[in-house]
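The sequence shown begins at 18 in our numbering and counts up one residue at a time. One structure is given below, encoded as structure tokens.
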Amino acid sequence: MIEVRQSKLGDGGEFNRGVFATVDIAKGQLIHQAPVVPYPNEDHEHIEKTILEDYVFEYGANHTAILLGYGSLINHSYEPNATYDINFENHTFDFYAYIDIKAGEEILINYNGEEDNMDPLWFLDDYEERMREMQEQEAAEALTKSEQPDENSGKK
Numbered sequence: 018m019i020e021v022r023q024s025k026l027g028d029g030g031e032f033n034r035g036v037f038a039t040v041d042i043a044k045g046q047l048i049h050q051a052p053v054v055p056y057p058n059e060d061h062e063h064i065e066k067t068i069l070e071d072y073v074f075e076y077g078a079n080h081t082a083i084l085l086g087y088g089s090l091i092n093h094s095y096e097p098n099a100t101y102d103i104n105f106e107n108h109t110f111d112f113y114a115y116i117d118i119k120a121g122e123e124i125l126i127n128y129n130g131e132e133d134n135m136d137p138l139w140f141l142d143d144y145e146e147r148m149r150e151m152q153e154q155e156a157a158e159a160l161t162k163s164e165q166p167d168e169n170s171g172k173k
């Protein structure tokens with residue numbers, strides 16, 4: 018249902034990964050259950066000195082959690098196509114399709130927790146500008162494709 022691939026949303030760094038749908042996923046469908054390794058917030062000062070700091074989520078009022086599985090590789094968008102619930106009973110983050118997702122699309126959540134929360138993220142100052150640039154590039158590529166003659170149409 019999902020796989021990890023290169024993401025266009027990255028900054029060109031060494032990882033640039035994202036989670037992508039391999040099949041169409043219907044709105045409301047469970048995409049992934051990511052097990053968590055929770056730890057008390059007071060221990061976060063140790064984690065934030067490592068690369069793991071980029072892969073943690075708030076886990077209730079007094080804990081933070083490292084997500085296992087694909088959970089930590091799902092990227093952010095202010096226009097998410099997925100959402101998540103924290104399942105404290107099972108110790109998982111459960112990711113669901115917020116809207117219908119087509120095969121090949123990147124799975125995106127709002128890191129602020131609520132789908133419509135437009136608060137600035139604590140680590141990406143230029144995210145919106147990069148998204149606009151990416152959308153403009155994709156629109157230009159689509160326009161270029163539409164202007165190409167169809168080789169199978171028989172028209173000259």
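For each residue, glycine too, the CB sits at the ideal point set by N, CA and C. Being a predicted model, the structure only gives us computed values, none of them experimental.
Any idea if Thr-39 is buried or exposed, counting beta-carbon neighbours within 10 angstroms, 16 or more meaning buried?
Along the sequence shown, read from residue 1 onward, the residue named residue 39 stands at position 22. Exposed, since its Cβ has fewer than 16 Cβ neighbours within 10 Å.
Tell me which residues share the same chain as Asn-107 and place their Cβ nearer than 6 Å to its Cβ, disregarding the 5 neighbours each side in the sequence.
Within the sequence shown, the letter at position 90 stands for residue 107. Excluding positions up to five away in sequence, the list is empty.
According to DSSP, is Ile-116 helix, strand or coil?
Walking along the sequence shown from the start, residue 116 turns up at place 99. Here Ile-116 sits in coil by DSSP.
Within its chain, find whatever has a CB closer than 8 Å to the CB of Thr-161; leave out the 5 residues flanking it on each side and keep chain order.
Working through the sequence shown from its first residue, we reach residue 161 at position 144. Counting only Cβ-Cβ distances below 8 Å, and skipping sequence neighbours, we find nothing.
Rounding to the nearest angstrom, what Cα-Cα distance links Asn-127 and Met-135 in this structure?
Here residue 127 is taken as the residue at index 110 of the sequence shown, counted from 1. Here residue 135 is taken as the residue at index 118 of the sequence shown, counted from 1. Computed Cα separation, rounded: 9 Å.
Could you tell me the distance, in whole angstroms, from the CA atom of Glu-164 to the CA atom of Ser-24?
The sequence position of residue 164 within the sequence shown is 147, counting from 1. The sequence position of residue 24 within the sequence shown is 7, counting from 1. Answer to the nearest angstrom: the Cα atoms are 27 Å apart.
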